[in-house]
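The structure under discussion appears below in the form of structure tokens.
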Amino acid sequence: SCVSFFSFRNVYVIFKIRCAFIYSLSFKACSKGCSVCVLWWGIQRGKMHARFDLYDSLTLQLQNDLLKSHCVDQGPVPGNIPILHECHFQQPQHCYYNTDGEIIIGGITSHNYNSDRCLVDPGSGSSPTLQECPLAKTNELHMHWDFKQDLAIINKATNRCLEIAQGANLYYELIIQQCSGQSWRIEHLVTSF
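Residue numbers (this note's numbering): 18 to 210.
Below you can see the structure in the form of structure tokens.
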């Protein structure tokens with residue numbers, strides 16, 4: 018069986034079905050080897066647009082095992098600092114990990130009019146950032162991560178980890194630091210079947 022979700026105006030219904038395909042108003046996905054291949058399509062400004070991507074998994078939530086009630090969230094827009102926020106299953110908390118090791122936060126968009134926003138380790142300091150994926154590639158930012166379910170999220174270039182820590186206001190926040198053994202979990206995982 019596989020997990021599927023249908024999208025209608027940012028409302029998602031999640032359920033298990035026995036199938037080889039995942040259908041939505043905006044995309045179709047199928048299993049290919051050890052990845053999930055996604056054909057996204059839609060009509061914007063009177064033109065049909067499509068794109069094809071490979072993902073190791075599709076998810077609606079990314080949670081740290083130390084604080085399971087909170088999820089990674091894109092944070093205020095405009096802005097480029099991801100945050101931890103109480104889980105609410107809506108688009109700002111949608112996270113995707115693709116076969117290139119990119120973690121996309123805040124939903125996947127059409128390449129033609131908007132760019133996906135990738136999680137980036139700035140290389141110094143402790144705050145992760147979100148950058149438009151094409152711009153991050155062009156500028157050779159540290160945007161590729163190693164992630165496996167229930168393990169650390171490690172930046173491939175810096176070897177630093179995405180983790181959480183209590184800030185000065187006693188709220189938990191996302192940080193980038195030397196790995197301390199924290200683990201992450203994708204909830205509502207869709208993988209190849």
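Ideal Cβ positions, reconstructed from N, Cα and C, are used throughout, including at glycine.
Please confirm if the region 98 to 106 is in contact with the region 78 to 89, defined as three or more CB-CB distances below 8 Å between the two stretches.
-> yes
Exercise. Going by Cα to Cα distance, which pick from 177, 193, 108 and 198 is closest to residue 144?
Worked result: 193
Q.
Could you tell me which whole alpha helix (DSSP H) segments of length 4 or greater appear in the region 138 to 168?
A. 150 to 155
- Message: Measuring CB atoms only, is the region 169 to 180 touching the region 145 to 161, in the sense that at least three cross pairs come out at less than 8 Å?
- Response: yes
- Message: Quick check on residue 80: does DSSP put it in helix, strand or coil?
- Response: strand
* Below 6 Å CB to CB, which residues in the same chain sit around residue 90 once its five sequence neighbours on both sides are set aside? => 100, 102, 109 and 110
ask   = Expressed to the nearest angstrom, what Euclidean distance is found between the alpha-carbon atoms of residue 133 and residue 165?
value = 22 Å
Quick check on the burial criterion: 16 or more other C-beta atoms within 10 angstroms. Buried or exposed for residue 172? buried
Classify residue 201: buried if its beta carbon has 16 or more other beta carbons within 10 angstroms, exposed otherwise.
buried
task: Give the straight-line distance between the Cα atoms of residue 98 and residue 92, rounded to the nearest whole angstrom.
output: 6 Å
*Looking at the unbroken beta strand (DSSP E) that takes in residue 89, where does it start and where does it end?*
87 to 90
Looking only at its chain, what residues have a beta carbon closer than 8 Å to the beta carbon of residue 154, apart from the 5 residues adjacent to it on each side? 160
Measuring alpha carbon to alpha carbon, tell me which of 141, 162 and 137 ends up nearest residue 150. 137
| said: Can you look up residue 194 in the DSSP assignment and give me helix, strand or coil? | reply: strand
### Query
Which residues in the same chain have their Cβ closer than 8 Å to the Cβ of residue 199, if we skip the five residues on either side of it in sequence?
81, 82, 83, 169, 178, 180 and 181
Exercise for the section: Tell me whether residue 184 is buried or exposed, calling it buried when 16 or more other Cβ atoms sit within 10 Å of its Cβ. Expected result: exposed
Inset, instruction - Identify whether residue 108 lies in helix, strand or coil by the three-state DSSP scheme. - result: helix
Next item on the list: Would you decide whether residue 187 is buried or exposed? Buried here means 16 or more other CB atoms lie within 10 Å of its CB.
Entry: exposed
Name the residue from 158, 152, 190 and 125 whose alpha carbon lies nearest to the alpha carbon of residue 141. 158
**residue 136, DSSP secondary structure in three states** = strand
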